[in-house]
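The structure under discussion appears below in the form of structure tokens.
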Amino acid sequence: MKLLVTGAAGFIGLHTAKSLLQLGHEVVGIDNLNSYYDPALKAARLRILEGLEGFRFAKLDIADRDAMRALFARERFARVVHLAAQAGVRYSIQNPEVYVDSNISGFLNVIEGCRHNRVEHLVYASTSSVYGANTRMPFTEQQNVDHPLSLYAATKKANELMAHSYSSLYGLPTTGLRFFTVYGPWGRPDMALFLFTRKILAGEPIDVFHGGQHQRDFTYIDDIVTGVVGAVDQVARADARWDSAAPDPSTSNAPYKIYNIGNQRPVSLLRFIEVLEACLGRSAKKNMLPMQLGDVPDTYADVSALTRDVGYRASTDLEAGVGRFVEWYRSYYGA
């Protein structure tokens, strides 16, 4: 099939596009290559994809309505994997307008392209952050997610609502994937693993919020990609058993699905740091700080629905995953 992968120069975009290409699909990747973090890292990811047969790239901003209309009309994609977004909880507090442009207007342009060009299935990135003020663990797709704690989370919740309206109005199959703390080689420099590794190797203290007591469902990138590709193949369908008197938020009488995609084995941030220290062979100097604004204390995914429907199972343990990231980091930066 011919697929569109938005955010192809991003962390998850690189690995997803690569996997789809290796399966024999044709992939058109788009990215605006913005400077939210080092564009050189994005360019290096792109060089990997451009060396693979079946890949084409276009520098394009999903918020550019006319360019997106032209792209969809020209390419006639069979399916779309929408991963482009302005990410980051804390950055959304400082720069809210960017999130509306990319995550709301950009998402509208993608889903409008799907609607008008007979795309068979839209799979898009949501986030565990939508669970917001929820504290009942593990998080399940049946829980209410009406209390986001950051604008970033609110925009992703809005994406889920927009997707449902298009599935209901136009019969467009949509599947939202709530990612839980993805890590691994080629990861984002604003994520904890990348930040900690850089600072520990430089002998600088690391900021540890909430006393390091956060529980996070750290999920290795290869496991995430397995779930994404499986979801692309599992076209969302209307649920004949859906009950409007007791609605299940994860499904509908329209072709609409929401899945958690995580590791289902949360660990504390302090334990995560211990594993990283062991992989680096160095101890971290810790600057202990209170909880950050907009952050949540714990995340823990129930992935039973994704396991049932696409056979998803996370298989990478923390020690192996962090070790692979450290190996990549040392190689890429000569550290």
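Numbering (the numbering used here), first residue to last: 127 to 461. Note that beta-carbon positions come from the ideal geometry of N, C-alpha and C, so glycine has one too.
Whole angstroms are fine: how far does the CA of residue 372 sit from the CA of residue 163? For this step, residue 163 is matched to residue 37 along the sequence shown. For this step, residue 372 is matched to residue 246 along the sequence shown. Their Cα atoms are separated by approximately 44 Å.
Inter-residue spacing [alpha-carbon to alpha-carbon] between residue 128 and residue 203: Residue numbering aside, residue 128 sits at position 2 when the sequence shown is read from its first letter. Residue numbering aside, residue 203 sits at position 77 when the sequence shown is read from its first letter. C-alpha separation (whole angstroms): 5 Å.
Please work out which residues of its chain come closer than 8 Å, Cβ to Cβ, to residue 413, disregarding the five sequence neighbours upstream and downstream, and give them in chain order. Within the sequence shown, residue 413 is the residue found at index 287, counting from 1. Within the same chain, residue 413 has close Cβ partners 331, 332, 333, 334.
By a C-beta neighbour count over all protein chains shown, 10 Å radius and 16 as the cutoff for buried, is residue 370 buried or exposed? Taking the first residue of the sequence shown as position 1, residue 370 is located at position 244. So residue 370 ends up on the exposed side.
Determine the extent of the alpha helix (DSSP H) in which residue 281 is found, giving its start and end residues. Mapped onto the sequence shown, residue 281 falls at position 155. Note, residue 281: alpha helix (DSSP H), 277 to 296.
For residue 225 and residue 160, what's the separation of their Cα atoms in angstroms? The residue given as residue 225 occupies position 99 in the sequence shown. The residue given as residue 160 occupies position 34 in the sequence shown. Using only the alpha carbons, I get a separation of about 13 Å.
Please name the residue in 170, 450, 177 whose C-alpha comes closest to that of residue 153. Position 27 of the sequence shown, counted from the first residue, corresponds to residue 153. For residue 153, the nearest C-alpha among the options comes from 177.
At what residue ranges does the region 165 to 221 contain a whole run of the beta strand (DSSP E), taking only runs of 3 or more? 181 to 185, 205 to 208
If the criterion is Cβ atoms closer than 8 Å, does the pair residue 221 and residue 285 meet it? Within the sequence shown, the letter at position 95 stands for residue 221. Within the sequence shown, the letter at position 159 stands for residue 285. Not closer than 8 Å, so no.
Pull up the CB-CB distance for residue 347 and residue 401, whole angstroms please, since I reckon it's below 8 Å. Residue mapping note: residue 347 aligns to position 221 of the sequence shown, counting from 1. Residue mapping note: residue 401 aligns to position 275 of the sequence shown, counting from 1. Residue 347 to residue 401, Cβ: 16 Å. No contact.
Which ranges would you report for the alpha helix (DSSP H) in the region 387 to 437 if only whole runs of at least 4 residues count? 395 to 406, 430 to 436
Under a three-way DSSP split, which group does residue 252 fall into? Translated into the one-based positions of the sequence shown, residue 252 becomes position 126. Three-state result, residue 252: strand.
Whether residue 313 touches residue 321 by CB criterion (8 Å): In the sequence shown, counting from the first residue as 1, residue 313 sits at position 187. In the sequence shown, counting from the first residue as 1, residue 321 sits at position 195. No, these two residues do not count as a Cβ contact at 8 Å.
Should residue 437 go down as buried or exposed, given a rule of 16 or more other Cβ atoms within 10 Å for buried? One-based indexing of the sequence shown puts residue 437 at position 311. Flag for residue 437 reads exposed.
Indicate whether the contact test is met: 3 or more Cβ pairs, each with one atom in the region 345 to 363 and one in the region 261 to 271, closer than 8 Å. no
In the DSSP assignment, find the alpha helix (DSSP H) that holds residue 356 and state where it starts and stops. Along the sequence shown, one-based indexing puts residue 356 at 230. 347 to 359 is the span of the alpha helix (DSSP H), which, as asked, contains residue 356.
Mind the definition here: the region 267 to 281 touches the region 374 to 390 only if three or more C-beta pairs lie below 8 Å; say whether that holds. yes
Which residue marks the beginning of the beta strand (DSSP E) containing residue 154, and which one marks its end? The count along the sequence shown starts at 1 and reaches residue 154 at position 28. 152 to 157 is the extent of the beta strand (DSSP E) around residue 154.
Any 3 or more C-beta pairs closer than 8 Å across the region 389 to 408 and the region 236 to 246: no
Expected contact under 8 Å - CB spacing of residue 131 and residue 234 to nearest Å: Along the sequence shown, read from residue 1 onward, the residue named residue 131 stands at position 5. Along the sequence shown, read from residue 1 onward, the residue named residue 234 stands at position 108. Actually they do not touch by this definition, with Cβ atoms about 18 Å apart.
Which residue's Cα is closest to the Cα of residue 428: 368, 304, 327? By one-based count along the sequence shown, residue 428 stands at place 302. Measuring from the Cα of residue 428, the nearest candidate turns out to be 304.
In the DSSP assignment, what are the bridge partners of residue 333? Counted from its first residue, the sequence shown places residue 333 at position 207. 413.
What did DSSP end up calling residue 307 once you bin it into helix, strand or coil? The residue given as residue 307 occupies position 181 in the sequence shown. Note: residue 307 maps to coil in three-state DSSP.
By a C-beta neighbour count over all protein chains shown, 10 Å radius and 16 as the cutoff for buried, is residue 343 buried or exposed? What you label residue 343 is simply residue 217 of the sequence shown in a count that begins at 1. So residue 343 counts as buried.
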